[in-house]
Amino acid sequence: MATRPTTPMSPKTAKVKSPALGRPYLDASQEVTTQSVHHYKMILKNIFEQTPIVPQTSKNSDGQVMTSLTSNYLCLQCSTIVNEEDRLKHGTKKQHRFSLDVDSRSGALYCQICDDLVWDPTLEELRVRKMGTGTFSSRKRKHDEMFSDGVKDSAASNPGFISNNTTTASCKANGLRGIYNAGATCYQNVVLQSFLHNPLLRNFYLSDGHQSTDCSLTNCLSCAMDDMFQDFYAVENTNGFTAASILSGFWISEKKAFENLVTTKEQDAHEFFQFLAEELHERNGDGKRPETGSEHTCNCIIHQTFYGKLQSSTTCQNCGGVTNAVQSFLDLSLGLENLSHKRKKGGPKVPSLTLQECLDEEYVKSDKCEYRCHNCSSMQQAKRATSIKRLPNVLAIQLKASSVYIQTQAGAC
Numbered sequence: 001m002a003t004r005p006t007t008p009m010s011p012k013t014a015k016v017k018s019p020a021l022g023r024p025y026l027d028a029s030q031e032v033t034t035q036s037v038h039h040y041k042m043i044l045k046n047i048f049e050q051t052p053i054v055p056q057t058s059k060n061s062d063g064q065v066m067t068s069l070t071s072n073y074l075c076l077q078c079s080t081i082v083n084e085e086d087r088l089k090h091g092t093k094k095q096h097r098f099s100l101d102v103d104s105r106s107g108a109l110y111c112q113i114c115d116d117l118v119w120d121p122t123l124e125e126l127r128v129r130k131m132g133t134g135t136f137s138s139r140k141r142k143h144d145e146m147f148s149d150g151v152k153d154s155a156a157s158n159p160g161f162i163s164n165n166t167t168t169a170s171c172k173a174n175g176l177r178g179i180y181n182a183g184a185t186c187y188q189n190v191v192l193q194s195f196l197h198n199p200l201l202r203n204f205y206l207s208d209g210h211q212s213t214d215c216s217l218t219n220c221l222s223c224a225m226d227d228m229f230q231d232f233y234a235v236e237n238t239n240g241f242t243a244a245s246i247l248s249g250f251w252i253s254e255k256k257a258f259e260n261l262v263t264t265k266e267q268d269a270h271e272f273f274q275f276l277a278e279e280l281h282e283r284n285g286d287g288k289r290p291e292t293g294s295e296h297t298c299n300c301i302i303h304q305t306f307y308g309k310l311q312s313s314t315t316c317q318n319c320g321g322v323t324n325a326v327q328s329f330l331d332l333s334l335g336l337e338n339l340s341h342k343r344k345k346g347g348p349k350v351p352s353l354t355l356q357e358c359l360d361e362e363y364v365k366s367d368k369c370e371y372r373c374h375n376c377s378s379m380q381q382a383k384r385a386t387s388i389k390r391l392p393n394v395l396a397i398q399l400k401a402s403s404v405y406i407q408t409q410a411g412a413c
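With full-length UniProt numbering applied, the sequence shown corresponds to residues 1 to 413, in that order.
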């Protein structure tokens with residue numbers, strides 16, 4: 001290809017010097033350092049040019065081929081790919097002088113002696129160039145040099161050739177949009193955002209789990225959720241979204257439980273979460289109302305996502321008999337007021353209340369009670385303990401605090 005003539009108005013290309021070799025690792029010779037740089041280039045080509053399955057696949061100690069979702073490590077001195085567990089074993093077995101590996105996702109350098117990611121000016125410069133321009137050269141390519149003749153001809157004949165053959169970057173943040181406040185509806189927006197970014201609900205609606213075009217119900221909230229997911233993930237739009245269909249579905253509903261949502265006053269976000277979960281269950285499940293105090297099982301997306309099981313064990317103090325009862329739950333309610341009063345007695349140096357302490361107070365400690373024992377056939381003293389038998393995929397926790405406690409904490413702040 002003939003080069004363009006140079007004129008006084010031609011842009012001047014900045015001369016970028018190649019990076020100087022970094023300090024030889026562990027007093028290695030210049031030859032060994034050069035070989036390491038060459039091998040590092042080959043590793044970067046495999047990571048950024050080939051399919052990601054290759055660097056993510058390795059053999060374990062038993063010789064089985066495993067594909068990992070976490071980072072593997074490519075040895076800088078041989079072609080071995082190992083996982084995190086076998087990384088140190090490989091270096092010891094092969095007696096490599098360099099204890100360096102390359103992260104299979106980012107291409108970063110990992111030192112086994114330091115047990116951390118390390119930085120080398122030579123290798124880091126090569127990695128940055130490869131990620132940014134796809135080449136190790138420091139020279140900026142001209143626009144005409146970026147395409148082969150076949151690509152240029154196709155782009156000239158078809159203006160949409162480049163856009164049609166361009167894939168969206170994997171790091172693009174899809175679904176990041178705000179929801180407009182329609183008059184004290186911020187408590188609803190919080191719950192809707194949590195639903196929109198829930199991977200289980202997202203996959204359900206984006207895979208036609210509920211098709212609004214085939215639904216015969218009017219003012220269906222599940223149809224409104226389906227439309228919202230489509231607007232957030234199927235359309236490239238970052239403008240704010242108005243959840244008019246969701247709001248109108250609650251306002252038009254004849255259920256008395258939804259009457260508070262019609263007002264323009266701000267309501268409790270937890271109640272809205274329960275109402276929305278109940279409605280989506282009825283539209284996608286067996287039609288029965290999900291009673292949290294029963295063992296009613298359902299395979300709808302709401303039960304698969306949010307519902308777990310609690311087990312209540314009652315132990316008779318007279319005969320030692322144990323009675324177990326299992327019930328489903330949508331969320332866990334944890335009290336803060338009683339524990340906060342106990343904290344105040346310990347003085348100002350007592351650390352802040354933690355979620356673990358609230359869970360222990362509710363589901364580890366047992367309470368004394370009276371119940372009719374079937375073995376004794378009479379009322380007996382007993383101990384009752386509640387435990388979580390099965391956790392849901394998404395655990396919702398409500399932190400209960402009285403208005404007096406909230407005002408006290410606000411005044412302390």
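All C-beta atoms in this analysis are idealised placements derived from N, C-alpha and C, irrespective of residue type, glycine included.
| Check | Outcome |
| --- | --- |
| So what's Asp367 in DSSP terms, helix, strand or just coil? | strand |
| Grab the span of the alpha helix (DSSP H) containing Arg88 for me, first residue to last. | Before going on, a small fix: residue 88 reads as Leu here, not Arg. Per DSSP, Leu88 belongs to the alpha helix (DSSP H) from Arg87 to Lys94. |
| Grab the span of the beta strand (DSSP E) containing Cys186 for me, first residue to last. | Segment Cys186 to Leu196 is the alpha helix (DSSP H) holding Cys186; no beta strand (DSSP E) there. |
| Around the C-beta of Lys45, are 16 or more other C-beta atoms found within 10 angstroms, so that it is buried, or is it exposed? | exposed |
| Let's see if you can read the secondary structure: which residues bound the alpha helix (DSSP H) around Ser222? | Leu221 to Tyr233 |
| On the criterion of 16 or more Cβ atoms from any shown chain inside 10 Å, does Pro199 qualify as buried, or is it exposed? | exposed |
| Thinking Thr305 and Pro392 are a contact (beta carbons under 8 Å), I'd like their distance in whole angstroms, please. | 7 Å |
| Could you pull the DSSP bridge partners for Gly335 from this structure? | Lys400 |
| Nearest-angstrom Cα distance between Thr122 and Gln112? | 19 Å |
| Would Ala396 be called buried (16 or more neighbouring beta carbons within 10 Å of its own) or exposed? | buried |
| With DSSP run on the structure shown, which of helix, strand or coil describes Ala385? | strand |
| Roughly how many angstroms lie between the CA atoms of Tyr187 and Asn318, to the nearest whole one? | 49 Å |
| Are Ser71 and Arg105 close, meaning C-beta to C-beta below 9 Å? | yes |
| Beta-carbon separation of Leu194 and Asn219 under 9 Å? | A small correction: the amino acid at residue 194 is Ser; Leu does not occupy that position in the sequence shown. Not closer than 9 Å, so no. |
| Please state if the CB of Leu176 and the CB of Met225 are separated by a distance shorter than 9 Å. | no |
| Give me the Cβ distance between Ser387 and Tyr363, rounded to the nearest whole Å; I'm assuming they're in contact under 8 Å. | 6 Å |
| Give the straight-line distance between the Cα atoms of Thr315 and Tyr371, rounded to the nearest whole angstrom. | 10 Å |
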